[in-house]
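Protein chains: 2
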Amino acid sequence: MNYYGSIDIGGTKVRMGLITADGTIAFHKMILTPVEKPWGEILTYINKSFETMLREAMVPYTHVYGIGIGCPGTFDLKREVISFAPNLKWRNIPIKSHCESLFPVPIWFENDTNLSTLGVAHFGEGRGINNIIGMFIGTGIGGGIIIDKKLYVGSSGSAGEIGHIIIQEHGPRCSCGSRGCLEAVASTTAIYKRIRRMYARLGKTSPLYTHFASSKNRTYAIAQAYNSGEPAAVKVVDSACYSIGTTLVNLIHILAPDMIVLGGGLYELIGTAIIEKAASIIRKTAMPGTCEQVKIIGTALGENAPLLGGAALVKMNLFTV
Amino acid sequence: MNYYGSIDIGGTKVRMGLITADGTIAFHKMILTPVEKPWGEILTYINKSFETMLREAMVPYTHVYGIGIGCPGTFDLKREVISFAPNLKWRNIPIKSHCESLFPVPIWFENDTNLSTLGVAHFGEGRGINNIIGMFIGTGIGGGIIIDKKLYVGSSGSAGEIGHIIIQEHGPRCSCGSRGCLEAVASTTAIYKRIRRMYARLGKTSPLYTHFASSKNRTYAIAQAYNSGEPAAVKVVDSACYSIGTTLVNLIHILAPDMIVLGGGLYELIGTAIIEKAASIIRKTAMPGTCEQVKIIGTALGENAPLLGGAALVKMNLFTV
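Taken in order, these protein sequences are the chains called A and B.
Note that the first sequence ends on residue 366 in our numbering; no numbers are left out.
Note that the second sequence ends on residue 366 in our numbering; no numbers are left out.
Okay, here's the thing in structure tokens:
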């Protein structure tokens with residue numbers, strides 16, 4: 046049996062897998078990203094781990110069509126160089142030529158949330174649907190655009206940066222350098238900071254503050270405070286959901302998709318609330334005739350979305366015109 | 046010689062023309078829109094005027110491939126019904142079947158700024174370019190999206206509503222019912238109202254107020270006040286240009302086009318200032334790697350953009366796959 050290889054490089058961990066033609070993840074492996082090491086060593090380590098997975102699965106390279114690799118960053122148009130991957134502190138890394146010297150099979154690169162969107166479109170809830178927008182809400186907010194069932198990356202290759210849609214001119218500073226981007230108000234990073242700041246006003250010895258500020262998993266801490274109905278957390282999360290809704294209205298007005306798919310760490314924990322609130326904003330503020338037919342759903346693929354997207358990337362590059 | 050017919054129906058006037066294959070407007074005619082009449086009578090009047098133009102040009106219908114018709118409104122996906130055209134006070138008009146009973150040649154409909162963008166892409170500054178966004182700034186703000194040289198209308202047919210991108214959450218009320226849309230802060234309607242309100246504070250007998258408030262042509266009044274360096278006008282127009290720049294950053298982050306083309310009534314009068322200021326906002330706030338290659342230009346096609354777009358619409362429907 047032949048497989049599509051897939052590797053999802055994240056700032057914390059790297060997931061990799063071998064996927065069948067119908068989208069079954071037959072084998073997979075997870076390693077922690079040795080972020081402290083130089084990029085060349087990180088890639089060598091990923092290569093060795095991939096080969097360990099192959100040995101464990103008893104699959105030789107000759108049964109691997111190719112590997113789709115996702116990274117949290119921006120690529121040049123031909124996906125040969127990572128221009129900027131802040132989580133990995135990578136800048137202008139000639140990733141394609143380097144990986145081609147490590148792996149003896151064809152390799153394609155893509156931004157990680159572009160891959161997640163492609164995974165949903167090709168193997169998940171978006172199968173058979175023409176125009177899809179993916180939005181993944183985690184420590185950052187990323188997205189992807191599918192037009193006519195194909196990943197749309199635009200002329201420079203950077204399309205789909207929907208976390209950096211500005212919805213609050215002169216709003217809070219964003220990691221990208223701009224102000225008022227969706228990511229600056231609705232990522233878990235932004236939500237966590239805002240709730241912590243509100244708790245800090247109660248005094249830095251207050252139980253609410255000390256519990257929240259010492260939490261190891263920020264997404265979980267937000268979800269816990271929100272689900273318990275704690276008023277400050279509810280206020281901040283609701284405001285973030287409002288901004289997610291506003292951004293989706295913008296995307297509907299611009300692109301008129303068939304489907305919007307949400308995912309990511311925050312979605313995994315409080316997805317129902319996010320979808321309900323965002324859908325209500327859309328119903329209230331989108332222009333008549335633009336939003337009625339748009340399906341807004343969450344993906345059940347979870348962390349597998351980018352892996353499946355990597356497989357779809359290989360499949361589409363090798364087997365479709 | 047054969048021609049493409051084109052009709053641009055506006056809230057004030059209707060322009061029509063016969064266009065050659067290379068985009069020359071060989072004959073054209075302008076009439077005032079009899080907006081007070083029922084839609085059926087308006088369409089009959091437009092039909093008679095088109096036939097008058099044909100007679101004057103000595104071109105029989107057999108030499109007209111078809112007619113592309115633009116309207117300021119939203120259409121259903123198949124362009125058979127105008128869902129909503131506020132300037133004409135039309136709602137759910139079965140325009141295609143009605144016009145097919147009037148004109149003995151094939152007819153296609155499109156939103157007017159979609160047509161303008163198509164005109165620029167096919168016969169103007171965008172010729173040969175893959176991905177283009179058009180933005181037309183007048184009493185309203187409309188746009189259009191070209192992807193792979195084709196007009197992109199999305200799944201519902203309503204894509205490209207870039208005047209209704211929300212950039213100021215909870216901002217000023219927009220004609221669409223939402224808040225903080227680009228149109229609500231940067232259309233000539235919005236700019237004019239804001240300047241007039243500032244002048245009204247000086248007293249309703251002040252020369253600045255009486256002169257401005259009595260102006261028949263609002264766009265011209267804005268341009269005159271802005272070009273004379275009057276501080277309130279400069280402040281309001283600069284703020285509108287900032288918002289135009291913010292919206293273009295959003296569009297670049299989402300779609301990564303090769304080119305952004307500006308046009309419309311306000312652009313005709315103060316286009317250089319708009320482009321300079323918007324381009325400066327883009328350089329300051331767009332993410333590295335997204336905006337460097339995007340050309341931002343104005344179209345010289347002026348009012349001919351939608352006419353040429355109508356011709357392109359016929360041409361593309363009849364002669365390309």
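Idealized CB from N, CA, C, for every residue including glycine.
Please read all numbers here as calculations on a predicted model, not as lab measurements.
Interface residues of chain B around residue i at Cβ under 7 angstroms?
{"i": "L300/A", "result": "G199 and A204"}
{"i": "E125/A", "result": "Going along chain B, no residue has its Cβ under 7 angstroms from E125/A, so there is no contact; the nearest lies around 14 angstroms."}
{"i": "T291/A", "result": "I211 and E214"}
{"i": "I192/A", "result": "I192"}
{"i": "T158/A", "result": "Simply none; closest approach about 13 angstroms."}
Below 8 angstroms on the Cβ atoms is my contact criterion, and I expect residue i with residue j to pass it. Report the Cβ-Cβ distance as a whole number of Å.
{"i": "G118/A", "j": "W135/A", "result": "7 angstroms"}
{"i": "I112/A", "j": "V359/A", "result": "7 angstroms"}
{"i": "H215/B", "j": "E228/B", "result": "Actually they do not touch by this definition, with Cβ atoms about 16 angstroms apart."}
{"i": "I299/B", "j": "L307/B", "result": "About 18 angstroms separates the two Cβ atoms, so there is no contact after all."}
{"i": "D303/B", "j": "I174/B", "result": "5 angstroms"}
{"i": "G169/A", "j": "L352/A", "result": "Contact flag wrong, Cβ pair sits at about 11 angstroms."}
{"i": "V165/B", "j": "T365/B", "result": "In fact, because the Cβ distance is near 18 angstroms, the residues do not count as touching under 8 angstroms."}
{"i": "A258/B", "j": "R242/B", "result": "At roughly 10 angstroms, the Cβ-Cβ gap does not stay under 8 angstroms, so A258/B and R242/B are not in contact."}
{"i": "I192/B", "j": "I192/A", "result": "7 angstroms"}
{"i": "E206/A", "j": "T335/B", "result": "7 angstroms"}
{"i": "T162/B", "j": "G185/B", "result": "No, T162/B and G185/B are not in contact; Cβ-Cβ is about 15 angstroms, not under 8 angstroms."}
{"i": "F95/B", "j": "P333/A", "result": "Wrong, their Cβ atoms sit about 31 angstroms apart, outside the cutoff."}
{"i": "A356/B", "j": "G68/B", "result": "7 angstroms"}
{"i": "M61/A", "j": "I52/A", "result": "4 angstroms"}
{"i": "V230/B", "j": "P217/B", "result": "6 angstroms"}
Of the choices the options, whose alpha-carbon is the least far from that of residue i?
{"i": "I212/B", "options": "G68/B, S284/B and V109/B", "result": "S284/B"}
{"i": "E337/A", "options": "G310/A, P351/A, L346/A and I305/A", "result": "I305/A"}
{"i": "A410/A", "options": "I289/A, V339/A, Y49/A and S201/A", "result": "The structure shown has nothing for residue 410/A, since chain A only spans 46 to 366."}
{"i": "G188/A", "options": "I174/A, S203/A, N175/A and K194/A", "result": "S203/A"}
{"i": "G56/A", "options": "A66/A, I87/A and A71/A", "result": "I87/A"}
{"i": "T317/A", "options": "G334/A, A71/A and N272/A", "result": "N272/A"}
{"i": "N137/A", "options": "G347/A, G85/A and K93/A", "result": "G85/A"}
{"i": "S201/B", "options": "T330/B, L314/B and D121/B", "result": "D121/B"}
{"i": "L160/B", "options": "G354/B, N362/B and L363/B", "result": "G354/B"}
{"i": "G50/B", "options": "K280/B, L99/B and P333/B", "result": "L99/B"}
{"i": "E81/B", "options": "P139/B, G225/B, K58/B and E145/B", "result": "K58/B"}
{"i": "R224/B", "options": "M243/A, T184/A and V294/A", "result": "V294/A"}
{"i": "T330/A", "options": "A350/A, I297/A and E348/A", "result": "I297/A"}
{"i": "T78/B", "options": "A102/B, L133/B and T97/B", "result": "L133/B"}
{"i": "I342/A", "options": "E313/A, A102/A, S142/A and R246/A", "result": "E313/A"}
{"i": "L311/B", "options": "R263/B, V339/B, K141/B and T162/B", "result": "R263/B"}
{"i": "A324/A", "options": "T107/A, Y287/A, I52/A and M46/A", "result": "Y287/A"}
{"i": "K83/B", "options": "T158/B, I140/B, I315/B and A301/B", "result": "According to the sequence shown, residue 83/B is Pro rather than Lys. With distances taken between Cα atoms, P83/B lies closest to I140/B."}
{"i": "I327/A", "options": "N47/A, I315/A, E348/A and T292/A", "result": "T292/A"}
{"i": "A102/B", "options": "I64/B, T89/B, N156/B and D157/B", "result": "I64/B"}
{"i": "H167/B", "options": "K249/B, G309/B and A66/B", "result": "A66/B"}
{"i": "D157/A", "options": "G171/A, I190/A, F148/A and N176/A", "result": "I190/A"}
{"i": "T107/A", "options": "Y48/A, V126/A and K322/A", "result": "Y48/A"}
{"i": "I54/B", "options": "I70/B, F72/B and P131/B", "result": "P131/B"}
{"i": "V279/B", "options": "Y244/B, K249/B and H256/B", "result": "Y244/B"}
{"i": "L247/B", "options": "G171/B, A277/B, C226/B and S260/B", "result": "A277/B"}
{"i": "S232/B", "options": "K261/B, G274/B and V281/B", "result": "V281/B"}
Strictly below 9 angstroms CB to CB, what residues from chain B border residue i?
{"i": "P333/A", "result": "T119, S128, F129, C221 and G222"}
Mind pulling the chain B residues with CB within less than 8 angstroms of residue i?
{"i": "N272/A", "result": "The premise fails here: N272/A is roughly 25 angstroms from chain B at the closest Cβ pair, so nothing lies under 8 angstroms."}
List the residues of chain A that residue i touches, going by C-beta distances under 8 angstroms, in chain order.
{"i": "Q338/B", "result": "S200 and S201"}
{"i": "V165/B", "result": "What V165/B touches in chain A: nothing, since even the nearest Cβ is about 16 angstroms away."}
{"i": "S288/B", "result": "E214"}
{"i": "T330/B", "result": "I211, G222, S223 and R224"}
What residues from chain A crowd round residue i, counting only those whose CB sits closer than 9 angstroms?
{"i": "V294/B", "result": "H209, I210, I211 and S223"}
Worksheet item: Taking Cβ-Cβ distances below 7 angstroms as the criterion, which residues of the stretch 107-123 of chain B are in contact with chain A?
Response: Answer set for the stretch 107-123 of chain B: T119.
Worksheet item: Looking at C-beta atoms only, is the number of pairs between the stretch 144-156 of chain A and the stretch 97-113 of chain A that lie closer than 8 angstroms three or more?
Response: At 8 angstroms Cβ cutoff, the stretches touch.
Worksheet item: Which of the residues in the stretch 303-325 of chain B, read from start to end, lie with their CB under 7 angstroms from any CB of chain A?
Response: Identification of residues in the stretch 303-325 of chain B having a C-beta nearer than 7 angstroms to some C-beta of chain A yields D303, given in sequence order.
Discussion item. Using a Cβ distance threshold of 8 angstroms, determine whether the stretch 237-251 of chain B contacts the stretch 264-279 of chain B, with at least three qualifying pairs required.
Written reply: Between the stretch 237-251 of chain B and the stretch 264-279 of chain B, the count of C-beta pairs closer than 8 angstroms reaches three or more; the two stretches touch.
Discussion item. Tell me which residues of the stretch 167-179 of chain B have at least one Cβ-Cβ distance to chain A shorter than 8 angstroms, keeping chain order.
Written reply: Residues of the stretch 167-179 of chain B whose Cβ lies closer than 8 angstroms to any Cβ of chain A, in chain order: N175 and N176.
Discussion item. At a CB distance below 7 angstroms, what residues from the stretch 224-253 of chain B approach chain A? Give them in sequence order.
Written reply: Sequence-ordered contacts of the stretch 224-253 of chain B with chain A are nonexistent [C-beta pairs closer than 7 angstroms].
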